[in-house]
Amino acid sequence: MRTISILGSTGSIGTQALALCRLHPEEFRVKALTAHANSKLLFEQVREFQPEMAGLTKPIPMEDIPQDLRHVKWVMGKEALHAAAAEVPCDMVLVSVVGIAGLQSVMDAIHAGRTVLLANKEALVTGGHLVMDAAKKMGKPMLPVDSEHSAIFQCLEGAKGNRPSRLILTASGGPFRTWTKEQMEGATRAQALNHPNWSMGAKITIDSASMFNKALEMIEARWLFDMPPEKIQVTVHPQSIIHSAVEFDDGAVIAQLGVPDMRVPIQYAMAYPHRLPTGCQPLDLFALSGLTFEKGDPERFPALRLAVECMNAGGAACTVLNGANEAAVAAFLKDEIPFGAINRLVEGAIDRLAGLPANNLEDIFHADAEARRVVAELLAK
Ligand code: NDP
Ligand code: MG
Numbered sequence: 000m001r002t003i004s005i006l007g008s009t010g011s012i013g014t015q016a017l018a019l020c021r022l023h024p025e026e027f028r029v030k031a032l033t034a035h036a037n038s039k040l041l042f043e044q045v046r047e048f049q050p051e052m053a054g055l056t057k058p059i060p061m062e063d064i065p066q067d068l069r070h071v072k073w074v075m076g077k078e079a080l081h082a083a084a085a086e087v088p089c090d091m092v093l094v095s096v097v098g099i100a101g102l103q104s105v106m107d108a109i110h111a112g113r114t115v116l117l118a119n120k121e122a123l124v125t126g127g128h129l130v131m132d133a134a135k136k137m138g139k140p141m142l143p144v145d146s147e148h149s150a151i152f153q154c155l156e157g158a159k160g161n162r163p164s165r166l167i168l169t170a171s172g173g174p175f176r177t178w179t180k181e182q183m184e185g186a187t188r189a190q191a192l193n194h195p196n197w198s199m200g201a202k203i204t205i206d207s208a209s210m211f212n213k214a215l216e217m218i219e220a221r222w223l224f225d226m227p228p229e230k231i232q233v234t235v236h237p238q239s240i241i242h243s244a245v246e247f248d249d250g251a252v253i254a255q256l257g258v259p260d261m262r263v264p265i266q267y268a269m270a271y272p273h274r275l276p277t278g279c280q281p282l283d284l285f286a287l288s289g290l291t292f293e294k295g296d297p298e299r300f301p302a303l304r305l306a307v308e309c310m311n312a313g314g315a316a317c318t319v320l321n322g323a324n325e326a327a328v329a330a331f332l333k334d335e336i337p338f339g340a341i342n343r344l345v346e347g348a349i350d351r352l353a354g355l356p357a358n359n360l361e362d363i364f365h366a367d368a369e370a371r372r373v374v375a376e377l378l379a380k
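Using numbering that gives the first Met the number 0, the letters of the sequence shown map in sequence onto residues 0 to 380.
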């Protein structure tokens, strides 16, 4: 029996993690749950899983908590994340909130000695060196939930210490894989949210359409597996069956395959090093029409180029990339900008904010705020 706290329990990853807790009540006991604003779903989850603590980062008055849930400890505001990550005793903390909001929680959980199950890639993108240093000092593994990183992690399990010569990070290519730049420029919200293979939260789905998701994942892989940018190759693989692969010096390539279902990597992190049934469909190789591979196109998807430039630039460049992208995606989701403007806003922020330091969390939150400020300025123009 392992105990788990879930930050962002009402989201796409959070609800799937709870489905696994429901499937394996003898394996997992839920200790804390947090959401941002979706109190209705959080109340249902608290009723079912009976955690010790629950909280909403967007506070509501205590009178609004249903009578039958008042025996639970309720924490409101940002403190909810801290309480769930570090105060409520538990073995594992699943950080599945969206955006840089996850960084502080990941650090809190590591410092409290918890094993972190990491869905929130933005924490590594913005503060990867600090997070990995802290985890190393505490002697705790970071267990990736992101499907590509889970795949690489699984491939490396059999490596017996041999370092990979290359990571092959697969990408579906998203809904605009075959679109021209001109077509993408005016793409609608509905078109961008229509991912061909994966059902996910809104922010990451837009990131998949712009391929900023893959940019973030290159940076995530850079930190998780301590690999230089030039050894991380993005390969567009539209069927999303190969979830990523590693290559070794002898030329051997080991890949992890499966149906595109996030319950598999979530389960792998939750039960690691064991494996549990997930309820997902088995992979039927005979039902596949083929597995195909293409090069990512940095001309149509500048995110792929910007990720490499920011990793090579060092300092807070990746934090700026992430903060500007979060702000631009929020504006796109509110129909304030065309799809094509996301790239221009992020590149504009990176150009203006070169050289910001990233020596500690304060530096990183400052760079993030600067990136959002620059995007707001560019938007006002
Ligand atoms: P969702 O948008 O579906 O869910 C986000 C969760 O975080 C919700 O519980 C939401 O609460 C909460 N939340 C939103 N804003 C804040 C905030 N400012 N502070 C604290 N909590 C907040 O996202 P996903 O589940 O899709 O993604 C979560 C993370 O996992 C992201 O970092 C994403 O990149 C990563 N990831 C997701 C994958 C997927 O398949 N979905 C795959 C790989 C990685 P509320 O519901 O109340 O708004
Ligand atoms: Mg992924």
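A virtual CB, placed ideally from N, CA and C, is assigned to each residue, including glycine. Computed from a predicted structure; not experimentally measured.
Cα atoms of S149 and I64: separation of roughly 37 Å, rounded to the nearest angstrom. In the structure shown, V374 falls within a helical segment according to DSSP collapsed to helix, strand and coil. Judged by DSSP in its simplified three-state form, V130 adopts helix. The beta carbons of E26 and R1 sit about 7 Å from each other, so the pair counts as a contact at 8 Å.
Sequence-distant partners of T177 (beyond 5 residues in either direction) whose C-beta falls short of 6 Å from its own C-beta are missing from its chain. The C-beta distance from D107 to H81 rounds to 6 Å, short enough to meet the 8 Å contact threshold. Residues of the same chain with a CB within less than 6 Å of the CB of M199, apart from the 5 flanking positions on each side, are S11 in chain order. Remark: the C-beta of N342 is outside contact range of the ligand NDP, defined as less than 7 Å to any heavy atom.
DSSP, reduced to helix, strand and coil, places E335 outside both helices and strands of the structure shown, so it counts as coil. Residues close to the ligand MG by the beta carbon criterion (under 6 Å to any non-hydrogen atom) are, from first to last along the chain, D145, S146, E147, E216. Under the DSSP definition of a beta bridge, M52 partners with A31, K72. Bounds of any alpha helix (DSSP H) do not take in R176, whose DSSP letter is neither H nor E. Contact annotation: G313 and I99 have beta-carbon atoms that are not nearer than 8 Å.
Using a 10 angstroms sphere on the CB of T187, the tally of other CB atoms stays under 16, which defines it as exposed. Across the set K57, Q15, E51, M61, the C-alpha of E51 shows the shortest separation from the C-alpha of A84. Per the coordinates, the alpha-carbon of Q103 lies some 29 Å from the alpha-carbon of R274. Per the DSSP secondary-structure output, T2 pairs in a beta bridge with R28. Ranked by how close their Cα comes to the Cα of S95, the residues E78, M75, N119, C309 have N119 in first place. Rounded to the nearest whole angstrom, the CA to CA distance from T114 to P259 is 25 Å.
In terms of side-chain proximity, the C-beta atom of E121 is found nearer than 7 Å to a non-hydrogen atom of the ligand NDP. The Cβ neighbour count for P301, taken over all protein chains shown within 10 Å, is at least 16; the residue is labelled buried.
In the same chain as G185, and ignoring 5 residues on each side of it, the C-beta atoms closer than 6 Å to its own belong to P337, in chain order. At a threshold of 7 Å, V96 counts as near the ligand NDP, since its beta carbon sits closer than that to one of the ligand's heavy atoms. Under the three-state reduction of DSSP output, S243 falls in the strand class. Distances from the CB of S243 to the heavy atoms of the ligand NDP are all 7 Å or more. Taken through DSSP and simplified to helix, strand or coil, V263 comes out as helix.
A Cβ-Cβ separation of about 12 Å leaves A31 out of contact with L55 under the 8 Å criterion. At a Cβ-Cβ threshold of 8 Å, L168 and I231 count as neighbours.
It is roughly 17 Å from the alpha-carbon of L352 to the alpha-carbon of G126.
In this structure, D362 lies near P356, with their beta-carbon atoms less than 8 Å apart.
Here Q280 carries a coil assignment [DSSP, helix/strand/coil].
By the neighbour-count criterion, in which a residue is buried when 16 or more other Cβ atoms sit within 10 angstroms of its Cβ, R371 is buried. For the set G172, M137, F224, the Cα lying nearest the Cα of G160 is the one of F224. Under DSSP, A170 forms a beta bridge with V235.
Annotation: the continuous alpha helix (DSSP H) that includes A214 extends over 211–223. For the 8 Å CB-CB criterion, S146 and M261 form a contact.
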